[in-house]
DNA sequence: AATGACATGTAAGAGGTTACATGATTGT
DNA sequence: ACAATCATGTAACCTCTTACATGTCATT
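Residue numbers (my numbering), protein chains in the order written: chain A, 1 to 182; chain B, 183 to 364.
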């Protein structure tokens, strides 16, 4: 039993708006990226599979520049498929945090090097925090326009908490490492 | 350029103690698991590769039960390899949080179902928090015995922050979803 | 003339999961 | 008798990343 989550990410993104593969990628990068990233080499083949299975339909449109684009729309079948998946228990969270390994084995290198690593980590998460706040503001501004935004906002708030605690940990840890130096 | 992180996880675990593949797996599950999981089908082949490359050596021992076990030890070469890796910038963090997708697309299902999902998420993270606290206590109790424990403790504290904010988010979100019901 | 956005894809390889396979010893 | 722990592995499959490949249009 293969449960291909990529399919459901795409169905979810198409659930209230038709889009091209290119558009789907943009939504993933700007909204889901840090918590469920996928890329073109997964998106395009999966779109064809979903179409073959009847969950979405394709129509060829021409954009403002006169270029062809394949616009995909969810079908009722696809919407049901999505809903069924939403009811199933979510898979446990998985994380790959290389920095935790590098700090955990940290007695092998100098404090200066560790501080550098933590600072880079901090910067990554500050950047992602800013991104999350931008998304939050966008969603809040459109809360009355679409009920879906409320739920996306709940989801994004978890991201905000994660990134905040990452920055927080980094600050504490840099201080600790610095005081150890003396 | 393949940078196989599994190799470095293993070198890191072997850096201050010789162990079997079975032992390495236990360390991963009990200490690194939530932030960098690997399993037997990665561990055993990688041990053989590291041995072939001269980073570790194998010797066959017999345990208290009289069973054979392959005990691996890090070499100087392996320690240098580990240190070089520790100095390289850590790869950006990656997360797979299916729950965020399920909440994000949540207007498709009932509030009751969403609350169930968030509760399950909460329970997962409460369990992991307890685990992290147990590890913290173990490490704190042995802080003077081994300098390495100090760094592992720093690393584990990030885990504690993550799980705490997950539980926190879950509580807030369950309240929000319940009040929406009425 | 160059850059960035729009647009769609493939191939190869690396990384990771799950199921299978086996067998001894220890504790309840 | 049964479950847990110790111990080592393979095979098949799925997922994911990276590099390659191409072309248009709009803006600077």
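No residue lacks a Cβ here, since even glycine has one placed at the ideal position from N, Cα and C.
Between residue 217 (chain B) and residue 100 (chain A), the gap from beta carbon to beta carbon is short of 8 Å. Nearest CB-CB separation between residue 330 (chain B) and chain A: below the 8 Å threshold.
Around the beta carbon of residue 242 (chain B), a 10 Å sphere encloses fewer than 16 other beta carbons of the protein chains shown; the residue is thus reported as exposed. One Cα belongs to residue 119 (chain A), the other to residue 314 (chain B), and the distance between them is close to 24 Å. Boundaries for residue 328 (chain B): no beta strand (DSSP E) harbours it, and the DSSP string shows neither H nor E there. Cβ atoms of residue 318 (chain B) and residue 342 (chain B) come within 8 Å of each other, at about 7 Å. Here residue 141 (chain A) is exposed. Its C-beta has fewer than 16 other C-beta atoms within 10 Å.
Under the three-state reduction of DSSP output, residue 239 (chain B) falls in the strand class.
Scanning its chain for C-beta atoms nearer than 7 Å, with the 5 sequence neighbours on each side dropped, one finds around residue 330 (chain B) the residues 198, in chain order.
Three or more Cβ pairs closer than 8 Å define a contact, and the region 16-27 of chain A falls short of that threshold against the region 91-100 of chain A. Segment contact: the region 70-87 of chain A against the region 6-13 of chain A, three or more CB-CB distances shorter than 8 Å; contact assigned. Sixteen is the threshold: since fewer than 16 other Cβ atoms of the shown chains lie within 10 Å of the Cβ of residue 40 (chain A), the residue is exposed. In the structure shown, the three-state DSSP call for residue 2 (chain A) is coil.
Annotation: residue 107 (chain A) to residue 351 (chain B) spans about 34 Å, alpha carbon to alpha carbon.
Taking 8 Å as the threshold, the shortest C-beta distance from residue 360 (chain B) to chain A does not fall below it. At the C-beta level, residue 58 (chain A) and residue 64 (chain A) stay beyond 8 Å of one another.
In terms of CA proximity to residue 177 (chain A), A:113 leads the group A:127, A:113, A:143.
Put simply, the backbone Cα of residue 138 (chain A) is about 23 Å away from that of residue 357 (chain B). Spanning the alpha carbons of residue 337 (chain B) and residue 143 (chain A) requires a straight line of approximately 38 Å. Residue 110 (chain A) places its beta carbon 8 Å or farther from that of residue 73 (chain A). Checking the DSSP bridge columns, you'll see residue 250 (chain B) partnered with B:244. Between residue 224 (chain B) and residue 188 (chain B), the CB-CB gap stays under 8 Å.
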